[in-house]
Amino acid sequence: MKPVKVSTRGATSPASPIRKLVPLAVKAKESGKTVHMLNIGQPDLTTPQPMWDAVLKNPPAVLAYSPSEGFPELRRAMARYYEKLDIRIGADQIIITTGASEALVFAVASIADPGDEILIPEPLYANYIGFSHMLGVKVVPIPTRPEDGYHLPPREVWEEKISPRTRAAIVCNPGNPTGTVYRPDELEMVLGIAKDHGLFVVADEVYREFCFDGERHRSFMNYRDTEDRVILIDSISKRFSACGARIGAVSTTNREAYEACHHFSQARLSPPTLGQLMAVDAFAFDDDYYAELAGAYVKRRDAVMEELSKMPGVLCEVPKGAFYAMAKLPVDDSDTFAAWMLSDFSHEGETTFVAPGGGFYATPGAGKQEVRIAYVFEADVMRRAMEVLGKGLEAYPGRIG
Ligand SMILES: Cc1ncc(COP(=O)(O)O)c(C=O)c1O
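Residue numbering for the sequence shown follows our numbering, starting at 636 and increasing by one per position.
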């Protein structure tokens, strides 16, 4: 009998830092602890009622496949939403996907072959590493620094990293995990580099409306002279608090990239039908909806920042967008600390689950003292979760400084 063997790609695939400690959190809950789940961007806000009504008041008789590229009603609704944002994308340039996650896989698979390279500002959204690995594409990190608010380094730093295999840059704006909202001059620099070196720009804008303190989001798609090199990634998960609907989109005016994504979409048949039905009317929500949304998250962020500022040895830049904060903690190793918080620590029956920072870096060994905090709960809950985190830091045996 010959044994079976998984692929090298399978055997070496990294676990997501967002989810790898979940078994410890489950155990902690089973032991009776309350666990503040700040490891994942799962908002607590109620999914808007009109979205539920769309399926509950008028359920389809047959839960059928949709077209591979998604229902035309949803694509048209998205095109109208984009038009209001001065993003010129037609309904026939949008492909609805199973979350932004699938949109990213389609985008990168359509522009990079195994062995090709993609530039990504670091710290980065951890799953960029996971799906690039799956596609055999190498992530080349572009370093950013907390003292610069994680804004982009100058052109020379990017150009040093470009090789004959470089195919694209992925830019997440506002940034996960940094909360950075990029300025127009930064977007123009990236587009300039992309033009000079024949690169695509994959623009992950799933947190577009989550901008605070007067910051204004600008899209790569607002530029008219990109020569069809931008691929826009979107999602309803965060802006409509509908992570479980699994609806995203990949859009581009680049005909060849569109066709490639379209063929990939056919290979997986169709995106979720119910989620699409829920999303159609949501894209018509007005500015008040988004203002209220951003207002809710500012309160949460402010609560987190205030509590973190009271903790000796903790450093955290004020995030200007999305709903995450990268914090540097006085610990020997944030993996060990996060695991210890779940398995060994509690304060008045509670503990706080944060995502260890290492997984948000493609650079080996980086982020060892950082954690990502998702401020996805009401301000009072966030305050309490931070208080528990602070108590944990005081008691942690691997505390340094
Ligand atoms: C930057 C970024 N892109 C993509 C995704 C994936 O979103 P979706 O739920 O639509 O797959 C996330 C989810 O947290 C994200 O933060």
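Note that the Cβ used here is the ideal one computed from N, Cα and C, for glycine as well.
Please read all numbers here as calculations on a predicted model, not as lab measurements.
Would you list the one or two residues that DSSP bridges to residue i?
i	result
R1019	R1019 pairs with nothing; no bridge assigned.
G956	C846
A990	R1007
K655	For K655, which the question treats as bridged, DSSP gives no partner whatsoever.
H982	E985
R1034	V966
K773	E752
M976	M976 pairs with nothing; no bridge assigned.
E757	P778
M961	R1007
L950	K963
For residue i, is the classification buried or exposed, using 16 other Cβ atoms within 10 angstroms of its Cβ as the cut-off for buried?
i	result
G883	buried
H898	exposed
T733	buried
S666	exposed
W687	exposed
E795	exposed
L826	buried
E891	exposed
D831	exposed
M1021	buried
E718	exposed
P999	exposed
R715	exposed
S701	buried
E752	buried
M636	exposed
K945	exposed
S876	buried
V743	buried
G705	buried
R864	buried
G849	exposed
K640	exposed
E952	buried
S872	buried
E757	buried
D783	exposed
Q684	exposed
K955	buried
R723	exposed
R644	exposed
I1035	exposed
R662	Looking at the sequence itself, residue 662 is Lys, so the reference to Arg does not match. With fewer than 16 other Cβ atoms within 10 Å, it is exposed.
N693	exposed
Quick check on the DSSP output: what are the complete alpha helix (DSSP H) runs of length 4 or more inside the stretch 873 to 931, in order along the chain?
Listed in chain order, they are 890 to 902, 908 to 917.
Quiz: which residues have CB nearer than 6 angstroms to ligand 1 non-hydrogen atoms:
Answer in sequence order: G676, G734, A735, S736, Y760, C807, N811, D839, V841, S870, S872, C878, G883.
Please go through the stretch 662 to 744 and give each complete alpha helix (DSSP H) segment of 4 or more residues, from N-terminal end onward.
If we require 4 residues or more, the alpha helix (DSSP H) runs fully inside the stretch 662 to 744 come out as 684 to 691, 707 to 719.
Can you list the alpha helix (DSSP H) stretches of 4 or more residues lying completely in the stretch 786 to 872, in chain order?
Fully enclosed alpha helix (DSSP H) runs of 4 or longer: 790 to 796, 819 to 832.
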